[in-house]
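Q: First residue of the sequence shown: 72, per the working numbering; consecutive thereafter.
Glycine is no exception: its CB is placed at the ideal position from the N, C-alpha and C atoms.
Below is the structure I would like to discuss, written out as structure tokens.
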Amino acid sequence: MDSYSRLIGWLKILLPLSALGLLSTIFLVSEKTNPIASIPFTKNDIEDRLYGQQVTEPFFSGTTREGDQLTFSASAVQLGQGLDNRTDDLSVQIKLASGTSVFLSSNIGKFDIKKSLLTLQGDVVISTSTGYVITTEKLITDLDEFSIETTSAISGKSPIGTLNAGKMRLDRILNTENVHLNFTNGVKLLYRSINIEE
Numbered sequence: 072m073d074s075y076s077r078l079i080g081w082l083k084i085l086l087p088l089s090a091l092g093l094l095s096t097i098f099l100v101s102e103k104t105n106p107i108a109s110i111p112f113t114k115n116d117i118e119d120r121l122y123g124q125q126v127t128e129p130f131f132s133g134t135t136r137e138g139d140q141l142t143f144s145a146s147a148v149q150l151g152q153g154l155d156n157r158t159d160d161l162s163v164q165i166k167l168a169s170g171t172s173v174f175l176s177s178n179i180g181k182f183d184i185k186k187s188l189l190t191l192q193g194d195v196v197i198s199t200s201t202g203y204v205i206t207t208e209k210l211i212t213d214l215d216e217f218s219i220e221t222t223s224a225i226s227g228k229s230p231i232g233t234l235n236a237g238k239m240r241l242d243r244i245l246n247t248e249n250v251h252l253n254f255t256n257g258v259k260l261l262y263r264s265i266n267i268e269e
């Protein structure tokens, strides 16, 4: 066997061994990383994604047993683990059987399915087709019995002037289709006179 053939024989052994050695150094010398640390989510984000679901721009409409028509819309609904579902930028329209309409809006809403309670908070606005526009920080709506009650002070406009009160409640008059709007806890009304032309 000549020297060229011996060289080729040794290269067939040495070159694969050298490649294997270079390949092993990539894993031995490389920097160790924490796979959990590279996940671009916080622990709360991961829990929210695991346990909660989100619906974007939901819309729902229905009718109560008394004949009131309800319409809900929001920018998003986060479905909770329990019975509470949080909504963002909530809007509610209630068209009562009597013909009066009530509009509710807030930054945040929370719906308890079991109790049929809807809680609105954060820049809550209540307006009615009869001319009332009222703002508050928080209110609770009972959809079964139809009642709207604020848990904080209110301010707003009425057909006869501006008003402030510690509390407001809107509920149905017993055995009728009509509703009653009641202000309590230090009511202040600034009456605006109406000029009637004869």
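(1) If you follow the beta strand (DSSP E) that A236 is in, where does it begin and where does it stop?
(2) Going by CA-CA distance only, name the one from T134, L191 and S172 that's closest to A145.
(3) Apart from the five residues just before and just after S278, which ones in its own chain have a Cβ nearer than 6 Å to its Cβ?
(4) Would you mind sorting S76 into buried or exposed? The rule is 16 or more other CB atoms within 10 Å of its CB.
(5) What three-state label does DSSP hand S76 in the structure shown?
(6) Taking only the alpha-carbon atoms, compute the straight-line gap between G237 and V195 and give it to the nearest angstrom.
(7) By a C-beta neighbour count over all protein chains shown, 10 Å radius and 16 as the cutoff for buried, is F131 buried or exposed?
(8) List the residues that DSSP assigns as beta-bridge partners of A168.
(9) For E128 and K181, I'd like the C-alpha separation in whole angstroms.
(10) Given a cut-off of 8 Å on the beta-carbon distance, is the pair F254 and M239 in contact?
(11) Output the distance between the C-alpha atoms of A90 and D159, rounded to the nearest integer angstrom.
(12) Less than 8 Å between the beta carbons of Q164 and T135, yes or no?
(13) The beta strand (DSSP E) that contains D213, what's its start and end?
(14) Using the C-alpha atoms, what's the distance from T96 back to G80?
(15) Which residue comes first and which comes last in the beta strand (DSSP E) that contains T134?
(16) Measure the alpha-carbon distance for D183 versus V148 and round it to whole angstroms.
(17) Answer with buried or exposed for S200, where buried requires no fewer than 16 other C-beta atoms within 10 angstroms of its C-beta.
(18) My assumption, with CB atoms under 8 Å, is that S162 sits in contact with S176. Please give the rounded CB distance.
(19) A147 bridges to which residues according to DSSP?
(20) K259 to I225, Cα distance in whole Å?
(21) To the nearest angstrom, how far is it from the Cα of G202 to the Cα of N156?
A: This is what the structure holds:
(1) Against the sequence shown, residue 236 aligns to sequence position 165. Segment G232 to A236, the beta strand (DSSP E) holding A236.
(2) Counting from one through the sequence shown, the residue named residue 145 turns up at place 74. The option with the nearest alpha carbon to A145 is L191.
(3) Residue 278 lies beyond the range of the chain shown here (72 to 269); nothing can be said about it.
(4) The residue labelled residue 76 in the question sits at position 5 within the sequence shown. The residue in question, S76, is exposed, as its Cβ has fewer than 16 Cβ neighbours within 10 Å.
(5) Within the sequence shown, numbered from 1, the residue matching residue 76 stands at position 5. In the three-state scheme derived from DSSP, where H, G and I count as helix and E and B as strand, S76 is classed as helix.
(6) Taking the first residue of the sequence shown as 1, we reach residue 237 at position 166. Taking the first residue of the sequence shown as 1, we reach residue 195 at position 124. G237 and V195: Cα-Cα distance of roughly 15 Å.
(7) As a first step, residue 131 is located in the sequence shown; it is residue number 60 there, counting from the start. Label assigned to F131: exposed.
(8) Locating residue 168 in the sequence shown gives position 97, where the first residue counts as 1. BP columns for A168 are empty, so no partner.
(9) Along the sequence shown, read from residue 1 onward, the residue named residue 128 stands at position 57. Along the sequence shown, read from residue 1 onward, the residue named residue 181 stands at position 110. Note on geometry: alpha-carbon atoms of E128 and K181 lie some 15 Å from one another.
(10) By 1-based counting over the sequence shown, the position of residue 254 is 183. By 1-based counting over the sequence shown, the position of residue 239 is 168. Yes, the Cβ-Cβ distance between F254 and M239 is below 8 Å.
(11) Sequence index remark: in the sequence shown, residue 90 carries index 19 (1-based). Sequence index remark: in the sequence shown, residue 159 carries index 88 (1-based). Cα to Cα, A90 sits roughly 59 Å from D159.
(12) Position 93 of the sequence shown, counted from the first residue, corresponds to residue 164. Position 64 of the sequence shown, counted from the first residue, corresponds to residue 135. Result no, Cβ atoms of Q164 and T135 do not sit closer than 8 Å.
(13) Residue mapping note: residue 213 aligns to position 142 of the sequence shown, counting from 1. Residue range V204 to D213 is occupied by the beta strand (DSSP E) that includes D213.
(14) Translated into the one-based positions of the sequence shown, residue 80 becomes position 9. Translated into the one-based positions of the sequence shown, residue 96 becomes position 25. Between G80 and T96, the C-alpha separation is close to 25 Å.
(15) Along the sequence shown, one-based indexing puts residue 134 at 63. Residue range F130 to T134 is occupied by the beta strand (DSSP E) that includes T134.
(16) As a position in the sequence shown, residue 183 is number 112, starting the count at 1. As a position in the sequence shown, residue 148 is number 77, starting the count at 1. Answer to the nearest angstrom: the Cα atoms are 13 Å apart.
(17) What you label residue 200 is simply residue 129 of the sequence shown in a count that begins at 1. Looking at its Cβ environment, which holds fewer than 16 other Cβ atoms inside 10 Å, S200 is exposed.
(18) Walking along the sequence shown from the start, residue 162 turns up at place 91. Walking along the sequence shown from the start, residue 176 turns up at place 105. That pair is a contact at about 5 Å.
(19) Here residue 147 corresponds to residue number 76 of the sequence shown, with the count starting at 1. Per DSSP, T127 and D159.
(20) Along the sequence shown, read from residue 1 onward, the residue named residue 259 stands at position 188. Along the sequence shown, read from residue 1 onward, the residue named residue 225 stands at position 154. Cα-Cα distance, rounded: 11 Å.
(21) Counted from its first residue, the sequence shown places residue 202 at position 131. Counted from its first residue, the sequence shown places residue 156 at position 85. Distance between the alpha carbons of G202 and N156 is about 31 Å.
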